[in-house]
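Each remark here refers to the structure printed beneath this line.
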Amino acid sequence: MISTLFFRMVNEGTPSTTFTFSIVIKALCSTGRLDSACALLREMAKHGCVPDSTIYQTLIHALRAHNRVSDALRLLDEMLLMGCSPDTQTFNDVIHGLCTAGQIRAAAKLIDRMLRRRCTPNVATYGVLVRGLCRTGQVDEARALLGKVPAPNAVLFNTVIHGYAMQGRLPEAEDVLNNRMIRCGCDPDVFTYNILIHGLCRVGNLGSASRLLNEMERKGCRPNAISYTILMHGLCKRHKWKDVGEILEEMYSKGLSLNGTGYNILVWSLCKEGRTSEALEMVQRMKEKGHKPDIFTFNSLIHGLCGESRLGEAHALYEALLSEGVAANTVTYNTLIHSFMRSGEWREALRLVDEMTLRGCPLDVITYNGLMKALCMGGDVGRGLAALEKMIEQGVAPNNVSYNILINGLCRMGRVHVALELLEEMLQRGSTPDIVGYNTVINGLCRLGKLREALTLAEKLRTERLCPDAVTYNTLISWHCKGGMLQDAVSILERAINDGVAPNSLTWSILVQNLVKDPAFVGAE
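Counting from 1, position 369 in the sequence shown corresponds to residue 369 in the UniProt record's numbering; the numbering is continuous, with no gaps.
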């Protein structure tokens, strides 16, 4: 539309100049119509106009912003051939795009081209490349690049320090701080110290992290709430609850307070430790400090209460979060559904799945597995199979647990032939049944007295690159003993030993209890 209108004006006598082309190209770029903008660039020569640096820079910036880095690089090459001089920002745009695309080597070469053209890289140029190198794990190369930067700032140093810290290379991170950053006259800021404290906590060096927190103040850098929260999180992971309390007191004494994230860390850590009552008290304090619990807070508490078999309180908390206008998510429902399943309350689990659907909350593989298990427990395997089909229709990929739940439900109802069909369906859909699924079907066949078919299926395992395990052999030995086929049971045991499956106490118990009852075997002894 814009291009058509422009050429109509030109045809009607409006003079076409580089400036007018520039206006239209800029408008096209601002609306994301980059192909039209590039096509208009090609039309300029036909109208006797030569693109200038501004036009190229506009297009290159827009192409990079839309992740079309190859097109941006081609246009930069064309710009240079046309005798236009890109400025530092134009080079930076392409370098940024290359680094985002993971083309770090190409970005480094482009900086060399900048220098050859006497276009001086600035801190932003080096910053983009340093971040790219660190993001791809090339922290040593990023550190070497710092030596080429005329006046590196704290952001550049912090990026390299963070790169080392994330790799667990704390000595190198501290060396950059002490022997590069400080010696260059660049003062470390609160971000520098927070990066190091976080790195030390990650490797479990809490003593050094605490000392660094104290050192900050001595060096005139005041710790912020994040500094304390990082250390507190590290202490929680190592169960240092006394130290956590001291850190909180120190924070409060300095006029600092936890934010919502800090409280959530404490709540989650307490719940993980089985100290949910204390976590509930912490949430009360959180509210008193003006922080509203979010879904992460509620999920932590519900998880903790369910873990302590306090299902009534967990469900009441779920009702409370809804009344407070907090939307329950998939994690909330999955926690409750599986907890009700564990306690045998499958009807309540099914009700929650229905409620979840009504509220528009997406079901994931964990939810569907809980749903299918509840249906199977209620004897409705048919609906369980229908749930599997719906799951696939919704684009949720079933896993081995999904199939094993249904296979178990089918075998318990004696529908072993359907379970066998499900194993075949798994293979057709590209899934690989595991030994648990096969063992369930083998046991189901044995229960129906189909011992020969069970043995055939056990042999088939080898073609599926699976080996019968102790459960497989125990099942076969047990059912052959029950059927009075002791010689066959002994043969199966010998096969197990030949396969490298050592008989366990259950195997011997099953066999010996039946052999001692058989006069033929007792007499042979």
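Positions of the beta carbon are idealized from the N, C-alpha and C atoms, including for glycine.
Note the first and the last residue of the continuous alpha helix (DSSP H) segment covering residue i.
i      : result
CYS446 : 435 to 447
ASP71  : 69 to 81
ILE111 : 104 to 116
ALA328 : No alpha helix (DSSP H) holds ALA328; DSSP gives it neither H nor E.
PRO171 : 170 to 175
GLY274 : No alpha helix (DSSP H) contains GLY274, which DSSP labels as neither H nor E.
SER382 : It should be pointed out that residue 382 corresponds to Gly in this sequence rather than to Ser. 381 to 393 is the extent of the alpha helix (DSSP H) around GLY382.
THR159 : 154 to 166
ARG452 : 451 to 460
ILE55  : 53 to 65
ASN504 : It is not in any alpha helix (DSSP H) - ASN504 carries neither H nor E in the DSSP assignment.
VAL50  : Premise fails: VAL50 is in no alpha helix (DSSP H) and is neither H nor E.
GLY127 : 123 to 135
GLU424 : 416 to 428
THR357 : 346 to 358
LYS254 : Taken as a continuous stretch (DSSP letters only), LYS254 belongs to no alpha helix (DSSP H), as it is neither H nor E.
LYS240 : It is not in any alpha helix (DSSP H) - LYS240 carries neither H nor E in the DSSP assignment.
ASN214 : 206 to 218
Below 8 Å CB to CB, which residues in the same chain sit around residue i once its five sequence neighbours on both sides are set aside?
i      : result
GLN394 : LEU363
ASN334 : ASP364, ILE366, THR367, GLY370
VAL139 : LEU133, VAL160, GLY163, TYR164, GLN167, ARG169, GLU172
LEU156 : VAL123, TYR126, GLY127, VAL130, LEU146, VAL149
LYS287 : PRO293
GLU525 : Because GLU525 sits at a pLDDT of 47, beneath the cut-off of 50, its placement in the model cannot be relied upon, and the point is left open.
Taking 7 Å as the limit between beta carbons, can you name the residues of its chain near residue i, skipping five residues before and five after?
i      : result
CYS49  : SER16, THR17, THR18, PHE21
ASP488 : HIS480
THR475 : ASN439, ILE442, ASN443, CYS446
GLU172 : TYR164
VAL128 : ASN92, ILE95, HIS96, CYS99
GLY384 : MET372, LEU375, CYS376, LEU406, GLY409
SER343 : LEU311
To the nearest angstrom, report how far apart residue i and residue j are at their CA atoms.
i           : j      : result
CYS134      : GLN103 : 13 Å
GLN284      : SER277 : 11 Å
HIS198      : LEU448 : 60 Å
residue 595 : GLU389 : With the chain covering 1 to 525 only, the question about residue 595 has no answer from this structure.
HIS338      : LYS148 : 57 Å
LYS237      : ARG117 : 53 Å
GLY430      : CYS38  : 45 Å
CYS99       : SER70  : 12 Å
GLY13       : ILE23  : Note that GLY13 scores 49 on pLDDT, short of 50, meaning its location in the model is unreliable and no value can be drawn from it.
GLY260      : TRP241 : 19 Å
CYS221      : SER300 : 34 Å
LEU63       : PRO150 : 30 Å
SER505      : GLU494 : 15 Å
LEU511      : PRO468 : 18 Å
GLU174      : ILE265 : 27 Å
PRO503      : ALA387 : 39 Å
VAL516      : GLY483 : 15 Å
GLY245      : THR229 : 12 Å
GLU308      : ASP187 : 49 Å
ASP35       : ARG74  : 14 Å
THR507      : ILE477 : 8 Å
LEU231      : GLU425 : 51 Å
When you compare each of the options to residue i by their alpha carbons, which one comes out closest?
i           : options                        : result
CYS84       : LYS109, ARG169, MET286, GLN57  : GLN57
residue 596 : ASN67, GLU249, ASN408, GLY500  : For residue 596 there is no data in the structure shown, the boundaries of the chain being 1 and 525.
HIS66       : LEU457, PRO51, ARG310, VAL94   : VAL94
LEU423      : LEU256, GLU459, TYR438, LEU248 : TYR438
ILE357      : LEU371, ILE435, TRP346         : The question names Ile, but residue 357 is Thr in the sequence shown. Checking every option, the nearest Cα to that of THR357 belongs to LEU371.
ARG275      : GLU249, HIS291, ARG310         : ARG310
SER53       : LEU28, LEU451, ASP380, LEU81   : LEU81
Could you round the C-beta distance between residue i and residue j to whole angstroms and report it? I think they count as a contact, below 8 Å.
i      : j      : result
THR332 : PHE296 : So it is not a contact: roughly 10 Å between Cβ atoms.
LEU486 : ASN514 : 6 Å
ARG88  : ARG131 : Checking the sequence, you will find Thr at residue 88 rather than Arg. The Cβ separation is near 17 Å, so there is no contact.
ALA496 : TYR473 : 4 Å
Which residues in the same chain have their Cβ closer than 6 Å to the Cβ of residue i, if we skip the five residues on either side of it in sequence?
i      : result
THR90  : GLN57, ILE60
ALA314 : ILE302, LEU305, CYS306
PRO121 : ILE111, MET114
ARG143 : VAL160
ILE226 : ASN194
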